[in-house]
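Colleague: For the sequence shown, the numbering used here gives the first residue as 3, with consecutive numbering after it.
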Amino acid sequence: MDTRIETPSASSEPGPQAAERYPARAAEVGALPIHRALPNRQRKTVGAWCFLDHAGPVALSGDTGMHVGPHPHIGLQTFTWMIEGSVLHRDSLGYEQVIRPGEVNLMTAGRGIAHTEDTEDTLLPGGRFHAVQLWIALPDAHRDRAPAFENYRNLPVHRDGGFTITVLAGAAFDRVSPAQVYSPLVGLDFASDGPARLAMPLDPAFEYAVFALTGDVAVDGAALEPNVLLYLGTGRDRLELTTEAAARFIVLGGAPFEEDLLIWWNFVARSPAEMAAAADAWNAQRGFGDVQGETAPRMEAPALPPAWK
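(1) In the DSSP assignment, find the unbroken beta strand (DSSP E) run with W267 in it and report its ends.
(2) At which residues does the alpha helix (DSSP H) containing N285 begin and terminate?
(3) With a threshold of 6 Å on Cβ separation, who are the neighbours of A220 within its own chain once the five nearest residues in sequence on each side are excluded?
(4) Do you know how far the Cα of A193 is from the Cα of A305?
(5) So, with DSSP's three-state summary, where would you put G114?
(6) Do V270 and A139 have their C-beta atoms within less than 8 Å of each other?
(7) Report yes or no: do three or more beta-carbon pairs, one from the segment 216 to 236 and one from the segment 282 to 291, lie closer than 8 Å?
(8) In terms of alpha-carbon separation, which member of M301, L157, T166 lies closest to A249?
(9) Compute the Euclidean distance between the alpha carbons of H144 and D205, then round it to the nearest angstrom.
(10) What alpha helix (DSSP H) runs, 4 residues minimum, are completely inside the segment 38 to 115?
(11) Can you give the Cα-Cα distance for E22 and T297, rounded to whole angstroms?
(12) Can you find the residues in the same chain that come closer than 7 Å, C-beta to C-beta, to P197, ignoring five residues on each side of it along the sequence?
(13) I'd like the list of long-range same chain contacts for T168, defined as Cβ closer than 6 Å, with 5 residues on each side in sequence excluded.
(14) Pick helix, strand or coil for P203, following the three-state DSSP scheme.
(15) If you run the structure through DSSP and keep just helix, strand and coil, what is A20?
(16) Output the distance between the C-alpha atoms of Y24 and N229, rounded to the nearest integer angstrom.
(17) Within the same chain, show all residues whose beta-carbon is closer than 7 Å to that of A61, passing over the 5 residues directly before and after it, in chain order.
(18) Apart from the five residues just before and just after V134, which ones in its own chain have a Cβ nearer than 6 Å to its Cβ?
(19) Assuming Q135 is part of the beta strand (DSSP E), what are its boundary residues?
(20) Is the segment 253 to 268 in contact with the segment 182 to 189, if contact means three or more CB pairs nearer than 8 Å?
(21) Checking the sheet assignment: what are the DSSP bridge partners for V169?
(22) Does the separation of the CB atoms of F53 and D93 fall below 8 Å?
(23) Are the CB atoms of R45 and R27 within a distance shorter than 8 Å?
(24) Does DSSP put P197 in a helix, in a strand, or in coil?
(25) When burial is assigned at 16 or more other CB atoms within 10 Å of the CB, is D239 buried or exposed?
(26) Can you have a look at S179 and say buried or exposed, based on whether 16 or more other CB atoms are within 10 angstroms of its CB?
(27) Which parts of the segment 215 to 249 are runs of the beta strand (DSSP E), unbroken and 3 residues or longer, counting only runs that do not cross its ends?
(28) Here's the rule I'm using: 16 or more other beta-carbon atoms within 10 Å means buried, otherwise exposed. How should D262 be labelled?
(29) Around the C-beta of P299, are 16 or more other C-beta atoms found within 10 angstroms, so that it is buried, or is it exposed?
(30) How long is the line joining the alpha carbons of H91 and I85, rounded to whole angstroms?
(31) Can the beta-carbon of A33 be found closer than 8 Å to that of G58?
(32) Would you decide whether Q294 is buried or exposed? Buried here means 16 or more other CB atoms lie within 10 Å of its CB.
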């Protein structure tokens, strides 16, 4: 997805025990209304997770939907979790994949890839759409790797305390996601149909955050409403999660990301010079390949922030 947020600051620091709340801000991606929780001015990452867009739940019409033309990425993995509806993904590796509910699309940009994303009413039973897109910052050892794409179905599921928990990434509850990631991290989707309660074991070396999607959840007794990110820091060994009615939320965690990061437009890099080189290459149609069969115009990389010139 396209983002034009400039975040030229350093990586996460291990957080305090006191929780920090960050309301997501409303935005649009290709005419689709979204709430963006990461990055924000105070909190750029949770582990290697460096971007969180929550799209929907919404009923699509002719005026709404995600229609994102060819655009590039470097230095990251895009991680799309589909809850309702579907998205057609095309990329410069030649993949064409419809992602459906309960599936993850994981695109590793590495040194460079281009792709498109489109919702279509014909792909969406009932016209409903609900999804989360995340980015994972690639560490230095992997950020220049060859690009790749995978679609994951039949993700591991654990049921406990009234929750249905899908292990999206990493390992939890003796279950391991097949998603190929390159940093120590975890991503979990929790869904309840009514009252539910669970004490979730945590890794004290990880920092964690909870983000409510629909309904209300109590985190260690504190209410968390939808579209608010609750950052929990490191040093915790358990988390009390409670719902009184139907709700859905995600839990993200990971080892604090120790490397400096710049996040701008669709790129994750280490320096303004690297950003400039990637933007120039994309605008000159070098190094990213073409998305075959796509008729939408290519996005143009915007001008660099003045402070970087």
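Don't be surprised by glycine CBs; every beta carbon is placed ideally from N, CA and C. Computed from a prediction, not measured in an experiment: that's the story for all the values here.
Modeller: Here's the rundown:
(1) Reading the sequence shown from its first residue, position 265 is the one you call residue 267. Looking at the DSSP string, W267 is not in any beta strand (DSSP E), and its letter there is neither H nor E.
(2) Along the sequence shown, read from residue 1 onward, the residue named residue 285 stands at position 283. From DSSP, the alpha helix (DSSP H) with N285 extends over 274 to 285.
(3) Within the sequence shown, numbered from 1, the residue matching residue 220 stands at position 218. Cβ neighbours of A220 beyond the five flanking positions: T244.
(4) Position 303 of the sequence shown holds residue 305. Position 191 of the sequence shown holds residue 193. Taking the straight line from one Cα to the other gives about 41 Å.
(5) Residue mapping note: residue 114 aligns to position 112 of the sequence shown, counting from 1. Residue state, collapsed to three classes: coil.
(6) Mapped onto the sequence shown, residue 270 falls at position 268. Mapped onto the sequence shown, residue 139 falls at position 137. Their beta carbons are under 8 Å apart, which means V270 touches A139 by this criterion.
(7) no
(8) Taking the sequence shown and counting its residues from 1, the one referred to as residue 249 is at position 247. Here the closest residue by C-alpha is T166.
(9) Mapped onto the sequence shown, residue 144 falls at position 142. Mapped onto the sequence shown, residue 205 falls at position 203. Cα to Cα, the separation comes out at about 24 Å.
(10) none
(11) Working through the sequence shown from its first residue, we reach residue 22 at position 20. Working through the sequence shown from its first residue, we reach residue 297 at position 295. Cα to Cα, the separation comes out at about 44 Å.
(12) What you label residue 197 is simply residue 195 of the sequence shown in a count that begins at 1. Contacts found: G164, T245, E246.
(13) On the sequence shown, residue 168 is found 166 positions in, with the first residue counted as 1. Counting only Cβ-Cβ distances below 6 Å, and skipping sequence neighbours, we find L157, V159, D191.
(14) In the sequence shown, counting from the first residue as 1, residue 203 sits at position 201. Three-state DSSP puts P203 in a strand.
(15) The sequence position of residue 20 within the sequence shown is 18, counting from 1. If DSSP states are grouped into helix, strand and coil, A20 belongs with coil.
(16) Residue 24 sits at position 22 when you count from the first residue of the sequence shown. Residue 229 sits at position 227 when you count from the first residue of the sequence shown. Approximately 9 Å, taken between the alpha carbons.
(17) Residue numbering aside, residue 61 sits at position 59 when the sequence shown is read from its first letter. Answer for A61: G129, R130, listed in chain order.
(18) Working through the sequence shown from its first residue, we reach residue 134 at position 132. H56, W83.
(19) Indexing the sequence shown from 1 puts residue 135 at position 133. It spans 130 to 139 - the beta strand (DSSP E) in which Q135 sits, taken as one unbroken run.
(20) yes
(21) The sequence position of residue 169 within the sequence shown is 167, counting from 1. DSSP output for V169 lists L190 as bridge partner(s).
(22) Sequence index remark: in the sequence shown, residue 53 carries index 51 (1-based). Sequence index remark: in the sequence shown, residue 93 carries index 91 (1-based). Contact flag unset, no.
(23) Locating residue 27 in the sequence shown gives position 25, where the first residue counts as 1. Locating residue 45 in the sequence shown gives position 43, where the first residue counts as 1. Not a contact, by the Cβ cut-off of 8 Å.
(24) Residue 197 sits at position 195 when you count from the first residue of the sequence shown. It is coil, neither helix nor strand.
(25) Within the sequence shown, the letter at position 237 stands for residue 239. Label assigned to D239: exposed.
(26) Looking up residue 179 in the sequence shown gives position 177. The residue in question, S179, is buried, as its Cβ has 16 or more Cβ neighbours within 10 Å.
(27) 219 to 221, 224 to 226, 230 to 235, 240 to 245
(28) For the purposes of this step, residue 262 is identified with residue 260 of the sequence shown, where counting begins at 1. That one is exposed.
(29) For the purposes of this step, residue 299 is identified with residue 297 of the sequence shown, where counting begins at 1. P299 is exposed by the Cβ-count criterion.
(30) Position 89 of the sequence shown, counted from the start, is the residue given in the question as residue 91. Position 83 of the sequence shown, counted from the start, is the residue given in the question as residue 85. Answer to the nearest angstrom: the Cα atoms are 16 Å apart.
(31) Residue numbering aside, residue 33 sits at position 31 when the sequence shown is read from its first letter. Residue numbering aside, residue 58 sits at position 56 when the sequence shown is read from its first letter. No, Cβ-Cβ distance for A33 and G58 is not below 8 Å.
(32) Here residue 294 refers to the residue found at position 292 when the sequence shown is read from its first residue. Q294 should be labelled exposed.
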